[in-house]
Amino acid sequence: MTCLLALHAAAAPAPDQIKVERRGDLLSLSWRDAEDQLQGVLTPALPRPGEPLRLTLSVGNLQGPPFQGVVTVAFSQEGVPGQVTRTLKRDAVGWTTEFVPDAAGPWDVDVRFLTTRPKAVHGRFTVSEPPVPPMVWRVLLAIAGGLLLVRVLYAFTRRGVTPEHPIPPLPQAANPEATPAEPGGAPPVDPPVEAASPEPRAADPSEPSAAASPEPGAAASPEPGAPPADPPADR
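Have a look at this one:
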């Protein structure tokens, strides 16, 4: 088993680099050594994920009869070798195949064929992200224009407002708990303060007592200890 792996490694030469150049709407591929040459085109020039690309190759001998054998083509992402491998036969144009990349980024294409000895060449191209649709740009421009118009209108309405002429405040609603004053009425009058009663003055002994002076027409009360008065003579 070890011997077979060693023989296979020896039979598979190190891949030579394919020159990839953009020419208009396509990518041009070219390679040659002392015995053979390879030319091809890859379209479109800007591959997109999910869109098919077409590879057309032309393999020929520099000396001797034209090459009529099979060509093996492998497409793979960088770091993931041998994702898609195709064995191609010659048609009226050359060796042709189509491939649909499923992700953006660098992709590798490896071409192998057998002439006087096994040949392996390697090329690299880039799959780009799809561009933003024009409708998205129109929507973004419309939003930006609307925001700019709102800003201009706001600046225009605020032009007459200065510190000397501020915007008047809005009227405040009346407080239902406060008692509104009647229009044209007198201001509320505080309740009168009751005068304090004067303190009783001490009786003067020189003044006759109001209790000692009898009322007119009233009989005087006898003093205690005096003899009773004689009754009238007519009785």
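Take the sequence shown: its position 231, counting from 1, is numbered 231 in UniProt numbering, and each next residue is one higher. Glycine is no exception: its CB is placed at the ideal position from the N, C-alpha and C atoms. Here the structure is a predicted model, which means the values were calculated and not measured.
Check: If you count every other CB in all the chains shown that lies within 10 Å of the CB of L38, and 16 or more means buried, which is it?
Finding: Residue numbering aside, residue 38 sits at position 38 when the sequence shown is read from its first letter. When all chains shown are included, L38 counts as buried.
Next item on the list: Determine which residues share a DSSP beta bridge with V73 and list them.
Entry: The residue given as residue 73 occupies position 73 in the sequence shown. For V73, which the question treats as bridged, DSSP gives the partners R86 and V111.
Item checked: Where A212 falls, given that 16 or more other Cβ within 10 Å makes a residue buried -> Here residue 212 corresponds to residue number 212 of the sequence shown, with the count starting at 1. Because A212 carries a pLDDT of 47, less than 50, the predicted location of this residue cannot be relied on, and the following value inherits that uncertainty. Its Cβ having fewer than 16 others within 10 Å, A212 is exposed.
Next item on the list: Throw me the rounded Cβ distance for the S76 and D108 pair, which I believe falls under 8 Å.
Entry: What you label residue 76 is simply residue 76 of the sequence shown in a count that begins at 1. What you label residue 108 is simply residue 108 of the sequence shown in a count that begins at 1. About 5 Å separates the two Cβ atoms, so the contact holds.
Notebook entry, point to check: Does the Cβ of P66 have 16 or more other Cβ atoms within 10 Å, making it buried, or fewer, making it exposed?
Noted result: Indexing the sequence shown from 1 puts residue 66 at position 66. When all chains shown are included, P66 counts as exposed.
Notebook entry, point to check: Do P52 and E98 have their CB atoms nearer than 8 Å?
Noted result: Reading the sequence shown from its first residue, position 52 is the one you call residue 52. Reading the sequence shown from its first residue, position 98 is the one you call residue 98. Taking 8 Å as the Cβ cut-off, P52 and E98 qualify as a contacting pair.
Next item on the list: Quick one: using the 10 Å Cβ neighbour count with 16 as the cut-off for buried, is V59 buried or exposed?
Entry: Sequence index remark: in the sequence shown, residue 59 carries index 59 (1-based). With 16 or more other Cβ atoms within 10 Å, it is buried.
Notebook entry, point to check: How big is the Cα-Cα spacing for T43 and L62?
Noted result: Here residue 43 corresponds to residue number 43 of the sequence shown, with the count starting at 1. Here residue 62 corresponds to residue number 62 of the sequence shown, with the count starting at 1. Roughly 26 Å separates the two Cα atoms.
Item checked: Paired residues, beta bridge with T97 - DSSP -> By 1-based counting over the sequence shown, the position of residue 97 is 97. The partner list for T97 (beta bridge, DSSP) reads L55.
Item checked: Neighbourhood of L26 by C-beta, 8 Å cutoff - its chain only, sequence neighbours within 5 removed -> For the purposes of this step, residue 26 is taken as the residue at position 26 of the sequence shown. Cβ within range, chain order: V41, L42, T43, P44 and A45.
Next item on the list: Please report how far the alpha carbon of T116 lies from the alpha carbon of A34, in whole angstroms.
Entry: Along the sequence shown, one-based indexing puts residue 116 at 116. Along the sequence shown, one-based indexing puts residue 34 at 34. Going from the Cα of T116 to the Cα of A34 covers about 11 Å.
Item checked: Whole-angstrom distance between K89 and T96, CA atom to CA atom -> Sequence index remark: in the sequence shown, residue 96 carries index 96 (1-based). Sequence index remark: in the sequence shown, residue 89 carries index 89 (1-based). About 8 Å.
Margin query: Using 8 Å for Cβ pairs, my map puts L55 next to V71. What's the rounded Cβ distance?
Written below: As a working note, residue 55 is residue 55 in the sequence shown. As a working note, residue 71 is residue 71 in the sequence shown. 10 Å between Cβ atoms; not a contact.
Notebook entry, point to check: Does the Cβ of V139 have 16 or more other Cβ atoms within 10 Å, making it buried, or fewer, making it exposed?
Noted result: Position 139 of the sequence shown, counted from the first residue, corresponds to residue 139. With fewer than 16 other Cβ atoms within 10 Å, it is exposed.
Checklist line | Under the three-state DSSP convention, the category F156 falls into | finding: In the sequence shown, the residue the question calls residue 156 occupies position 156. Helix, per DSSP.
Note to self: Here's the rule: buried if 16 or more other CB atoms are within 10 angstroms of the residue's CB, otherwise exposed. What is A210?
What the structure shows: The sequence position of residue 210 within the sequence shown is 210, counting from 1. The pLDDT assigned to A210 is 47, lower than 50, so where the model puts this residue is not dependable, and the model offers no usable value.
Check: Would you call L57 buried or exposed, if buried means 16 or more other Cβ atoms sit within 10 Å of its Cβ?
Finding: On the sequence shown, residue 57 is found 57 positions in, with the first residue counted as 1. With 16 or more Cβ atoms within 10 Å of its Cβ, L57 is classed as buried.
Next item on the list: With DSSP collapsed to three states, give me the class of G79.
Entry: Translated into the one-based positions of the sequence shown, residue 79 becomes position 79. Here G79 sits in coil by DSSP.
Margin query: For K19, count the other beta carbons within 10 Å of its own beta carbon; 16 or more makes it buried, fewer makes it exposed. Which is it?
Written below: Against the sequence shown, residue 19 aligns to sequence position 19. That one is exposed.
Next item on the list: Identify whether A218 lies in helix, strand or coil by the three-state DSSP scheme.
Entry: Reading the sequence shown from its first residue, position 218 is the one you call residue 218. Residue placement at A218 is poorly supported in this model, since its pLDDT is 46, which falls under 50; the coordinates still yield a value, given next. A218 falls in the coil class under three-state DSSP.
Checklist line | Proximal residues to G105 (C-beta, below 8 Å), its chain only, five neighbours per side dropped | finding: Sequence index remark: in the sequence shown, residue 105 carries index 105 (1-based). Excluding residues within five positions, the ones whose Cβ falls inside 8 Å are Q77, E78, T126 and V127.
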